[in-house]
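What the sequence shown shows, in the UniProt record's numbering, is residues 1 to 113, in sequence order.
Built from N, CA and C at the ideal position, the CB exists for glycine as well.
Report on the structure given below.
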Amino acid sequence: MTHTASPRDEFIRGIKESSPMLIGLLPWALILGMQGGQKGMGRLEMLLMTGMNFAGGSEFATVNLWAEPLPILPIATITFMINSRHILMGGGACHAHERNTAEKSRARAAFYV
1 MTHTASPRDE FIRGIKESSP MLIGLLPWAL ILGMQGGQKG MGRLEMLLMT GMNFAGGSEF
61 ATVNLWAEPL PILPIATITF MINSRHILMG GGACHAHERN TAEKSRARAA FYV
């Protein structure tokens, strides 16, 4: 007989497994929140920005560019430029991972890029 975990058990397990990462992200989140507050960003704006763009460097750049009226084109351009480093890292790492033919190892390697 196999035991299936309840959604509550899975949720608790997820909290336990992700807590080391959350502890490491907490100082950065506090700094970003303070900078956003100084620029006049509300909680909803910060939540939407971090939820739609999970990339720390471009989030800090966006907060620094925040003004009235909102400069959408410069923010989008800077965000693209900062996040384009992943294209270079992926291209550089693909040769090292070509030897891995198993789909699981490729997916695992892509996660760390």
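{"Query": "Proximity below 8 angstroms, CB of residue 79 to CB of residue 62", "Result": "yes"}
{"Query": "Three-pair Cβ contact test at 8 angstroms for the segment 26 to 35 versus the segment 46 to 66", "Result": "yes"}
{"Query": "Alpha-carbon to alpha-carbon, residue 50 and residue 59", "Result": "7 angstroms"}
{"Query": "CA-to-CA distance, residue 68 to residue 42, given in whole angstroms", "Result": "14 angstroms"}
{"Query": "Beta carbon of residue 55 nearer than 8 angstroms to that of residue 82", "Result": "yes"}
{"Query": "Range covered by the alpha helix (DSSP H) that runs through residue 19", "Result": "7 to 38"}
{"Query": "Proximal residues to residue 39 (C-beta, below 7 angstroms), its chain only, five neighbours per side dropped", "Result": "63, 66"}
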